[in-house]
Amino acid sequence: MTEIDVQLLAQLRTWNPWWQQGREGIDRYKDPSYKRELYTNICNQYKDGNQIVSIIGMRQVGKSTLMRQVIKNLLDSGVDPKTILYISFDDPFVRVKYDKKKIFDIIVEIFLQGLIQEDLDVYKGTLYFFLDEIHQLPNWEKTLKTYYDRSFPIRYMVSGSSSIQLQSKNKESLLGRISEYVLWPFSFREYLEFHENKDKQIQGVIQEAREVFTKYNTTFDIHTIYESLQDLYKKAFVWSKQPIQSNLQKFIVCGGFPRAWQQLDFISRQRILWEQHVGKVIFEDLVQVANIRKPRDLEFLFTYIIENNGKEVKLGEMKHNLNIHWETLDRYLSYLIRTFLIFRVERTKTKRLLQKRRSGNVKFYLTDVALRNAFYNRTEDVFFDSEEMSFIAENLVCTAIERWLRGPKKEEQVSFYKDRSGEVDFIFKGPNNITPIEVKWRSDMPPLKTLLKLETSWSTTQSLLITRDQELDLRGGRLSIPLWFFLLCF
Numbered sequence: 001m002t003e004i005d006v007q008l009l010a011q012l013r014t015w016n017p018w019w020q021q022g023r024e025g026i027d028r029y030k031d032p033s034y035k036r037e038l039y040t041n042i043c044n045q046y047k048d049g050n051q052i053v054s055i056i057g058m059r060q061v062g063k064s065t066l067m068r069q070v071i072k073n074l075l076d077s078g079v080d081p082k083t084i085l086y087i088s089f090d091d092p093f094v095r096v097k098y099d100k101k102k103i104f105d106i107i108v109e110i111f112l113q114g115l116i117q118e119d120l121d122v123y124k125g126t127l128y129f130f131l132d133e134i135h136q137l138p139n140w141e142k143t144l145k146t147y148y149d150r151s152f153p154i155r156y157m158v159s160g161s162s163s164i165q166l167q168s169k170n171k172e173s174l175l176g177r178i179s180e181y182v183l184w185p186f187s188f189r190e191y192l193e194f195h196e197n198k199d200k201q202i203q204g205v206i207q208e209a210r211e212v213f214t215k216y217n218t219t220f221d222i223h224t225i226y227e228s229l230q231d232l233y234k235k236a237f238v239w240s241k242q243p244i245q246s247n248l249q250k251f252i253v254c255g256g257f258p259r260a261w262q263q264l265d266f267i268s269r270q271r272i273l274w275e276q277h278v279g280k281v282i283f284e285d286l287v288q289v290a291n292i293r294k295p296r297d298l299e300f301l302f303t304y305i306i307e308n309n310g311k312e313v314k315l316g317e318m319k320h321n322l323n324i325h326w327e328t329l330d331r332y333l334s335y336l337i338r339t340f341l342i343f344r345v346e347r348t349k350t351k352r353l354l355q356k357r358r359s360g361n362v363k364f365y366l367t368d369v370a371l372r373n374a375f376y377n378r379t380e381d382v383f384f385d386s387e388e389m390s391f392i393a394e395n396l397v398c399t400a401i402e403r404w405l406r407g408p409k410k411e412e413q414v415s416f417y418k419d420r421s422g423e424v425d426f427i428f429k430g431p432n433n434i435t436p437i438e439v440k441w442r443s444d445m446p447p448l449k450t451l452l453k454l455e456t457s458w459s460t461t462q463s464l465l466i467t468r469d470q471e472l473d474l475r476g477g478r479l480s481i482p483l484w485f486f487l488l489c490f
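This is how it looks when you write it as structure tokens:
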């Protein structure tokens with residue numbers, strides 16, 4: 001090998017400390033022991049499936065950590081440490097020293113020479129490749145397709161902070177060869193489990209909530225849900241309601257982003273939330289990948305959505321207010337959705353329009369409400385602002401539903417209903433039923449005339465009312481559930 005090859009091999013050893021230290025080598029990364037709820041599915045798919053595993057999602061939600069946790073699982077299972085290759089293509093040594101178009105082939109060659117000492121064509125075992133920040137490589141998808149189609153004994157996991165590029169490439173060159181997983185910011189249940197890891201009662205409630213969720217994950221039958229939740233609600237109410245609500249206050253301003261949790265002062269936390277999860281996406285990722293020429297316009301659109309969070313918006317008025325062309329507006333909205341910054345919920349007027357809901361009247365919600373609170377510089381005191389919390393509560397519910405909808409092979413849909421008399425926040429269309437969902441953050445419950453009208457006119461058998469603090473209750477087909485408990489279960 002040449003001198004520069006020796007340098008690269010040394011760099012590979014630094015990335016892969018388990019080559020020399022075995023199982024203990026993975027501990028050098030000092031990753032948390034907590035595992036995200038998606039971990040088991042991803043780990044099993046990687047170990048037992050035959051497709052490339054792709055992890056996409058927002059910046060700094062734990063994609064690289066999850067990769068290394070899968071590596072740890074392999075090591076614990078007795079896999080030879082020298083067969084596991086982890087690479088971060090964002091490393092400056094790689095980006096500066098080598099031709100980006102050739103670096104993957106170079107790394108594989110050096111890995112084979114220095115560790116495996118066999119050619120891929122004759123190697124009889126299995127190799128495990130973990131390719132982080134892979135979007136840094138030009139035409140990475142074509143390179144992987146070449147390796148994959150030659151049936152080399154390699155399992156691949158890829159990830160990157162530029163999820164918009166990974167999504168588009170996944171659907172193009174790697175169609176049928178790749179399993180894609182979205183790693184969202186921490187849900188409230190995950191946040192609670194992470195922060196209350198020493199409270200056995202809360203941990204027990206969380207585990208039971210997760211088990212209950214799997215029961216109605218496919219049917220979403222309100223009556224089954226209620227039967228499953230009654231005992232759990234009593235336990236949670238007696239043992240854990242106060243700490244759960246206390247954590248909820250923190251969650252709505254810190255969000256599901258671990259790096260924001262680590263900030264000890266308010267200003268640093270707000271800056272991290274905005275710069276890392278909004279600024280870098282708009283001014284770096286999208287400028288690079290989508291060739292955005294006026295990123296300030298895109299940032300202005302995002303702040304416009306924040307200011308109208310959860311409100312019905314007419315796209316024609318949005319176009320006029322922002323002074324941009326239709327094509328630009330549609331493209332920018334697509335970018336914000338594909339980078340996981342926002343959700344778009346369409347309006348429906350009648351039951352039969354649920355199948356075709358796209359119109360000029362929509363609502364937008366943020367993927368994480370902490371971004372709204374970072375924009376407005378709100379502290380935990382926002383929890384006691386009833387007007388602001390009405391928007392936040394509705395957004396939290398939307399986020400929970402949308403994350404659930406976007407799981408593997410999901411066919412459910414969500415929209416909102418509005419007619420001359422009023423509106424219903426969400427209409428959830430599952431495979432077997434339609435569920436109107438209303439969110440009310442107030443101490444007194446007003447007459448729910450539009451919800452009642454919709455239940456009657458559509459002949460729905462069930463509906464969901466998410467409240468500020470009313471007891472869990474089922475009357476007729478309407479399930480009332482307090483927000484803190486809803487978020488615990490979803």
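Residue 1 is where the sequence shown starts when you use UniProt numbering, and the numbers rise one by one after that.
We treat Cβ as the ideally placed atom computed from N, Cα and C, and that holds for glycine.
Predicted model only: the values in this text are computed from it and were never measured.
Bridge partners - residue i, DSSP secondary structure assignment
{"i": "Asp-419", "result": "Gly-422"}
{"i": "Asp-48", "result": "Asp-48 is not bridged to any residue."}
{"i": "Phe-364", "result": "Arg-344"}
{"i": "Lys-314", "result": "Asn-361"}
Distance, residue j Cα to residue i Cα
{"i": "Phe-486", "j": "Tyr-233", "result": "10 Å"}
{"i": "Thr-224", "j": "His-277", "result": "38 Å"}
{"i": "Thr-214", "j": "Val-70", "result": "23 Å"}
{"i": "Thr-146", "j": "Ile-56", "result": "22 Å"}
{"i": "Tyr-181", "j": "Leu-273", "result": "23 Å"}
{"i": "Leu-366", "j": "Lys-250", "result": "17 Å"}
{"i": "Asp-80", "j": "His-325", "result": "56 Å"}
{"i": "Asn-291", "j": "Tyr-332", "result": "12 Å"}
{"i": "Gln-270", "j": "Leu-479", "result": "36 Å"}
{"i": "Glu-172", "j": "Arg-155", "result": "20 Å"}
{"i": "Pro-447", "j": "Gln-245", "result": "26 Å"}
{"i": "Phe-364", "j": "Asn-197", "result": "34 Å"}
{"i": "Ile-42", "j": "Ser-77", "result": "16 Å"}
{"i": "Lys-97", "j": "Lys-47", "result": "33 Å"}
{"i": "Asp-297", "j": "Lys-351", "result": "37 Å"}
{"i": "Lys-409", "j": "Thr-219", "result": "Note on Lys-409: pLDDT 49, under 50, position unreliable in the model; no value is reported."}
{"i": "Gly-176", "j": "His-135", "result": "19 Å"}
{"i": "Arg-378", "j": "Glu-387", "result": "13 Å"}
{"i": "Cys-254", "j": "Asp-31", "result": "20 Å"}
{"i": "Gln-462", "j": "Leu-454", "result": "11 Å"}
{"i": "Tyr-216", "j": "Asn-433", "result": "13 Å"}
{"i": "Val-212", "j": "Asp-231", "result": "11 Å"}
{"i": "Ile-222", "j": "Gly-114", "result": "58 Å"}
{"i": "Ile-178", "j": "Thr-143", "result": "14 Å"}
Local Cβ density within 10 Å of residue i, reported as buried at 16 or more and exposed below that
{"i": "Phe-266", "result": "exposed"}
{"i": "Asn-247", "result": "buried"}
{"i": "Arg-36", "result": "buried"}
{"i": "Tyr-376", "result": "exposed"}
{"i": "Leu-264", "result": "exposed"}
{"i": "Gly-310", "result": "buried"}
{"i": "His-320", "result": "exposed"}
{"i": "Phe-340", "result": "buried"}
{"i": "Thr-83", "result": "buried"}
{"i": "Gln-21", "result": "exposed"}
{"i": "Phe-257", "result": "buried"}
{"i": "Leu-183", "result": "buried"}
{"i": "Ser-443", "result": "exposed"}
{"i": "Val-94", "result": "buried"}
{"i": "Ala-10", "result": "exposed"}
{"i": "Pro-185", "result": "buried"}
Contacting residues, own chain, Cβ-Cβ under 8 Å from residue i (five flanking each side not counted)
{"i": "Met-445", "result": "Thr-467 and Gln-470"}
{"i": "Val-345", "result": "Val-362, Lys-363, Phe-364, Tyr-365, Cys-398, Val-414, Ser-415, Phe-416 and Phe-426"}
Close beta carbons around residue i, own chain, < 7 Å, minus the five adjacent residues each side
{"i": "Thr-14", "result": "none"}
{"i": "Trp-404", "result": "Phe-490"}
{"i": "Tyr-123", "result": "Ile-116 and Pro-153"}
{"i": "Arg-59", "result": "Ser-161, Gln-276, His-277, Lys-280 and Val-281"}
{"i": "Trp-18", "result": "Gly-25, Ile-26, Leu-75, Pro-81 and Ile-84"}
Minimum Cβ-Cβ distance from residue i to chain C less than 9 Å
{"i": "Asn-432", "result": "This model lacks chain C altogether; it includes just one protein chain."}
Sequence-distant residues of its chain with Cβ nearer than 6 Å to residue i (five each side left out)
{"i": "Thr-126", "result": "Pro-153"}
{"i": "Leu-131", "result": "Ile-87 and Val-158"}
{"i": "Leu-120", "result": "Phe-152"}
{"i": "Tyr-226", "result": "Leu-474 and Leu-479"}
{"i": "Leu-8", "result": "Ile-110"}
{"i": "Asn-16", "result": "Tyr-86"}
{"i": "Leu-472", "result": "Tyr-233 and Ile-481"}
{"i": "Ala-260", "result": "Cys-254, Arg-269, Ile-272 and Leu-273"}
Practice task
Would you list, in sequence order, the uninterrupted beta strand (DSSP E) runs of no fewer than 3 residues that lie entirely inside the segment 413-481?
Solution key: 413-419, 422-429, 434-440, 463-467 and 473-475
Exercise for the section: Pick out the complete beta strand (DSSP E) segments inside the UniProt domain "AAA" (50-192), 3 residues or longer, and give them in chain order. Expected result: 52-57, 84-88, 127-132, 154-159 and 178-183
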